[in-house]
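**Student:** So that we are looking at the same thing, I have put the structure below in C-alpha cells.
Residue numbers (our numbering): 421 to 802.
Below, the structure written as C-alpha cells:
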C-alpha cells in the first residue's frame with residue numbers, strides 16, 4: 421500500500437493519493453482539479469510506475485470513463501470537426517494577469533495549413549500565450565474558440581486536439597522512454613504507435629533508459645514525440661529546436677511542413693532563433709510586453725523596406741511609403757516603411773534602403789517605437 425505521486429504531463433503537480441492497492445493495468449481517478457491515469461506494474465505489491473494528468477477541470481467533479489485501452493471524456497470533440505472558414509484556433513480578447521505583468525488582450529486567428537512563427541524578447545509573453553491556448557494555464561478573461569465553438573476550462577477532450585511542448589519539458593523521472601510512450605498511448609484516441617517508434621529511432625532515443633539520465637536535448641526530443649504521435653489538430657511548440665542536433669532539426673522541419681501541407685493542422689512555434697522561424701513559418705507574429713504588435717504573412721514582408729539614416733541625419737522617403745516603426749542600434753537610427761521600393765530595382769541600389777529582412781522586422785517591432793515624431797535633423801522628408 422505504497423503512497424502514490426501524481427505528475428501532470430508538462431508540469432509536475434504533487435497530489436495526495438489514496439492507499440488502496442492497485443491491480444496491474446491502467447487506472448483513473450478524479451479529484452477537484454485533475455483526472456489522473458496511473459499505470460501499475462504487475463507483482464505481489466503493485467506499485468505505480470507513473471501518472472499522467474489526462475485533463476484538468478474546475479471545482480466541479482467530472483469523471484472520465486475507461487473504454488477498452490483508451491480513455492474518453494464525456495462529450496468528446498470530434499477530431500475531424502470542421503473549424504469553419506479555415507480558423508483552427510481563435511483567441512478573442514484573451515487576458516492572463518500576473519502580479520506585475522498582463523498578457524493581452526490578445527486577438528489571434530491560427531488557421532489550418534499555416535505555420536506561425538511567434539517572436540518576442542524574453543518575458544514578452546510567448547510561453548504564457550501558448551500555455552493559455554493549450555489550457556495549461558487558466559485565462560483571466562476572454563475566450564478560446566475552435567471554429568465557432570467556445571472552449572471551456574472543463575472541455576477535457578479539447579486536449580485531444582492539442583500538442584504542446586514546453587521549452588523545459590517536465591517528465592516523470594523514474595520512467596523510461598518506452599514507458600512514457602505506453603502511458604501516452606493510453607490517453608489519446610488517435611495515437612499512432614508506428615509514428616512514435618519512427619521518431620524514437622530518428623532521435624536515437626534509448627527506449628530502456630530512464631528519463632532521470634536524459635540530457636536536455638533528449639528530454640526535448642521525447643516531449644516532441646509525446647506531443648506529435650497523437651496527431652494533434654494544432655501544435656504549440658515553445659522553443660522546440662533547443663538541444664536538437666542539426667540532422668534531427670532538419671528532419672523535424674520537414675515533418676512539421678508535411679503536417680500542414682494538406683491543411684490537416686496548424687502550428688504555432690515560439691522561437692528565439694530567427695533562422696528556424698524563417699525556414700518554417702508561413703506567417704509571423706511578434707509579441708511585446710504581453711501584446712501582439714505585428715502579424716503578417718511571411719510573403720507580405722516583401723512590401724516592407726528598411727532605411728538606415730545617413731550620418732548627416734537627412735533622408736528623403738517617398739510619399740508613397742508609410743512609416744511603421746523607428747529603432748536605433750549600434751549602426752545608427754533606422755526606419756521601417758511599407759510601400760513600393762523601386763529604388764531597389766535601379767542599376768546602382770542605394771546604400772540607405774533595402775528590402776526588410778526578418779531581422780529588420782523583429783528589431784523594429786520588438787525594440788522600436790511607432791512614434792512618428794523624429795528627432796531634430798532626422799526628418800523623413802516629403
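Every residue, glycine too, gets a C-beta built ideally from N, C-alpha and C.
Here the structure is a predicted model, which means the values were calculated and not measured.
For residue 715, collect the residues of the same chain with a Cβ closer than 6 angstroms to its Cβ; drop the 5 residues on either side in sequence, then sort them by chain order.
**Tutor:** Only 705 meet the Cβ criterion.
**Student:** Using only alpha-carbon positions, find the residue among 772, 583 and 578 that is nearest to residue 728.
**Tutor:** Among 772, 583 and 578, the Cα nearest to that of residue 728 is on 772.
**Student:** Taking the alpha-carbon positions, what's the residue 664 to residue 643 distance?
**Tutor:** When rounded, the distance between both Cα atoms is 12 angstroms.
**Student:** Near residue 534, what residues of its chain come up, given a Cβ to Cβ distance below 6 angstroms and the 5 sequence neighbours on each side ignored?
**Tutor:** The residues are 686, 702 and 703.
**Student:** Within the chosen definition, does the stretch 604-615 reach the stretch 552-571 through at least 3 CB pairs nearer than 8 angstroms?
**Tutor:** No: the two stretches stay apart, fewer than three of their Cβ pairs being nearer than 8 angstroms.
**Student:** How would you call residue 575, buried or exposed, if buried means at least 16 neighbouring beta carbons within 10 angstroms?
**Tutor:** Result: buried.
**Student:** I'd like the span of the beta strand (DSSP E) that includes residue 633, first residue to last.
**Tutor:** Looking at the DSSP string, residue 633 is not in any beta strand (DSSP E), and its letter there is neither H nor E.
**Student:** If residue 631 and residue 595 are in contact, beta carbons under 8 angstroms, what's the gap, nearest whole angstrom?
**Tutor:** With 8 angstroms as the limit, residue 631 and residue 595 qualify as a contact, their Cβ atoms being about 6 angstroms apart.
**Student:** If you measure from the CB of residue 737, is any heavy atom of the ligand ADP nearer than 6 angstroms?
**Tutor:** Absent from the structure shown: the ligand ADP. Ligands present: none.
**Student:** Give the range of the beta strand (DSSP E) segment to which residue 807 is assigned.
**Tutor:** The structure shown does not extend to residue 807, since the chain is modelled only from 421 through 802, so no value can be given for it.
**Student:** Please name the residue, chosen from 587, 524 and 512, that lies closest to residue 567 on a Cα-to-Cα basis.
**Tutor:** If we check each option's Cα against that of residue 567, 512 comes out closest.
**Student:** Going by DSSP, which residues form a beta bridge with residue 587?
**Tutor:** Answer by DSSP bridge pairing: none, since residue 587 is not bridged.
**Student:** Please name the residue, chosen from 539, 555, 581 and 697, that lies closest to residue 651 on a Cα-to-Cα basis.
**Tutor:** The option with the nearest alpha carbon to residue 651 is 581.
**Student:** At what residues does the beta strand (DSSP E) containing residue 601 begin and finish?
**Tutor:** Segment 597-605 is the alpha helix (DSSP H) holding residue 601; no beta strand (DSSP E) there.
**Student:** Between which residues of its own chain and residue 496 is the CB-CB distance below 6 angstroms, once the five residues before and five after are set aside?
**Tutor:** At residue 496 the pLDDT is 43, less than 50, meaning the model places this residue with poor confidence; the figure from the coordinates comes in the next sentence. Contacts found: 577.
**Student:** State the CB to CB distance for the pair residue 779 and residue 694, rounded to an integer number of angstroms; the pair is presumed to be in contact (CB under 8 angstroms).
**Tutor:** So it is a contact: roughly 6 angstroms between Cβ atoms.
**Student:** Relative to the C-alpha of residue 679, which candidate in 698, 654, 668 and 543 has its C-alpha closest?
**Tutor:** It is 654 whose Cα lies nearest to the Cα of residue 679.
**Student:** I'd like the list of long-range same chain contacts for residue 619, defined as Cβ closer than 6 angstroms, with 5 residues on each side in sequence excluded.
**Tutor:** Counting only Cβ-Cβ distances below 6 angstroms, and skipping sequence neighbours, we find 645.
**Student:** Quick one: grab the DSSP three-state call for residue 525.
**Tutor:** Three-state result, residue 525: strand.
**Student:** Can the beta-carbon of residue 756 be found less than 7 angstroms from the beta-carbon of residue 720?
**Tutor:** No, the pair does not count as a contact, with Cβ atoms beyond the cut-off.
**Student:** Whole angstroms is fine: what's the gap from residue 498's alpha carbon to residue 745's?
**Tutor:** In this predicted model, residue 498 has a pLDDT of only 43, less than 50, meaning its place in the structure is not dependable enough to derive any value.
**Student:** Taking just the CA atoms, how far does residue 708 sit from residue 520?
**Tutor:** Residue 520 and residue 708: Cα-Cα distance of roughly 15 angstroms.
**Student:** Could you tell me which residues DSSP puts in a beta bridge with residue 657?
**Tutor:** DSSP lists 585 and 689 as partners of residue 657.
**Student:** Assign residue 660 to one of two classes, buried (16 or more other C-beta atoms within 10 Å of its C-beta) or exposed (fewer than that).
**Tutor:** Counting Cβ neighbours within 10 Å, residue 660 comes out buried, since at least 16 surround it.
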